[in-house]
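Trainee: One structure, pasted below without further comment.
Residue numbers (our numbering): 1 to 309.
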């Protein structure tokens with residue numbers, strides 16, 4: 001049996017790695033320990049492994065290989081399963097929130113042949129490799145200055161970067177700096193932040209008043225939609241990090257926050273919503289952005305979005 005312990009900062013890199021490790025395996029089962037127990041996962045893998053031939057099992061949201069808790073029953077069950085099925089022609093992948101090589105369970109798993117794959121840090125070379133691979137697959141080109149600007153705007157988050165590429169590709173297959181500046185994130189002044197903060201806090205009286213003032217001063221609706229999307233995406237990432245038990249220092253490092261004050265502000269706003277609610281709002285903003293780009297009245301669209309929020 002091939003066993004992998006994976007930790008990743010990027011959902012895209014994680015899915016790419018899982019696809020690579022499961023290549024040649026038609027029977028792939030995915031579990032989340034948020035929905036089921038490790039004991040049920042082991043029972044399923046043990047039973048079907050006898051009849052299914054080559055099989056891959058992916059177990060996400062695994063906490064047992066990190067943290068301070070010993071998880072004695074769960075750890076014993078995992079080691080027994082790995083030992084009993086060592087000669088099995090299968091793959092099992094544990095997607096971990098944290099991996100501590102000093103932990104007993106991790107050391108035992110490694111001694112049984114488990115491989116640790118750490119994708120929690122993406123350097124500039126890896127970032128460019130992944131982005132180039134995606135651009136080539138989508139048959140897109142991006143100018144060097146546009147690439148750097150977009151990367152900076154996305155805080156070197158590869159998932160956000162590719163989401164922005166998808167959005168900008170609606171304008172053409174050659175992405176320029178002008179396109180990034182006109183449709184991507186920008187540096188915003190206090191009034192823009194007043195608008196964003198009012199919307200996030202559900203203070204719509206202030207939000208509409210500030211929005212009218214901004215529109216009168218010449219600010220484009222697309223800029224406001226981008227600002228809101230940026231706010232909610234940051235809220236989603238921070239809330240997801242807390243759900244995976246990351247510390248404030250780890251979150252700041254991963255998301256590129258230079259000081260804890262920004263994290264505190266985003267975290268405070270994120271508490272107003274559930275993760276699913278934030279995701280739905282981000283999707284609604286993407287839909288609004290698409291509608292505006294295809295001729296929908298931008299001011300009416302933004303006001304309609306706020307009313308329905």
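Even glycine gets a Cβ: it sits at the ideal position worked out from N, Cα and C. Bear in mind that the values here come from a model prediction, so they are computed numbers and not experimental data.
(1) Excluding the 5 residues flanking residue 270 on each side, which residues of the same chain have their C-beta closer than 6 angstroms to its C-beta?
(2) What whole-angstrom Cβ distance do residue 120 and residue 8 have, given they're in contact under 8 angstroms?
(3) Would you mind working out which of 205, 23 and 75 sits nearest residue 42, comparing C-alpha positions?
(4) If you count every other CB in all the chains shown that lies within 10 Å of the CB of residue 257, and 16 or more means buried, which is it?
(5) Taking just the CA atoms, how far does residue 223 sit from residue 306?
(6) So, helix, strand or coil for residue 109, using DSSP?
(7) Assign residue 94 to one of three DSSP states: helix, strand, or coil.
(8) Compare the Cα-Cα distances from residue 244 to each of 60, 2, 161 and 157 and report the closest residue.
(9) Determine the direct distance from the alpha carbon of residue 208 to that of residue 63, and round the result to whole angstroms.
(10) Would you decide whether residue 214 is buried or exposed? Buried here means 16 or more other CB atoms lie within 10 Å of its CB.
(11) Which partner residues does residue 5 have in the DSSP bridge list?
(12) Given this structure, state the Cα-to-Cα distance separating residue 216 from residue 100, to the nearest angstrom.
(13) Tell me the residue span of the beta strand (DSSP E) that contains residue 274.
(14) Going by DSSP, which residues form a beta bridge with residue 55?
(15) Roughly how many whole angstroms lie between the Cα atoms of residue 33 and residue 229?
Mentor: Concretely, from the data shown:
(1) 235, 238 and 239
(2) 6 angstroms
(3) 75
(4) buried
(5) 15 angstroms
(6) helix
(7) strand
(8) Nearest to residue 244 by alpha-carbon distance, out of 60, 2, 161 and 157, is 60.
(9) Separation of residue 63 and residue 208 (C-alpha to C-alpha, rounded to the nearest whole angstrom) is 44 angstroms.
(10) Per the 10 Å Cβ criterion, buried.
(11) 94 and 116
(12) 55 angstroms
(13) Secondary structure note for residue 274: it is in no beta strand (DSSP E), with a DSSP letter that is neither H nor E.
(14) 27 and 90
(15) 30 angstroms
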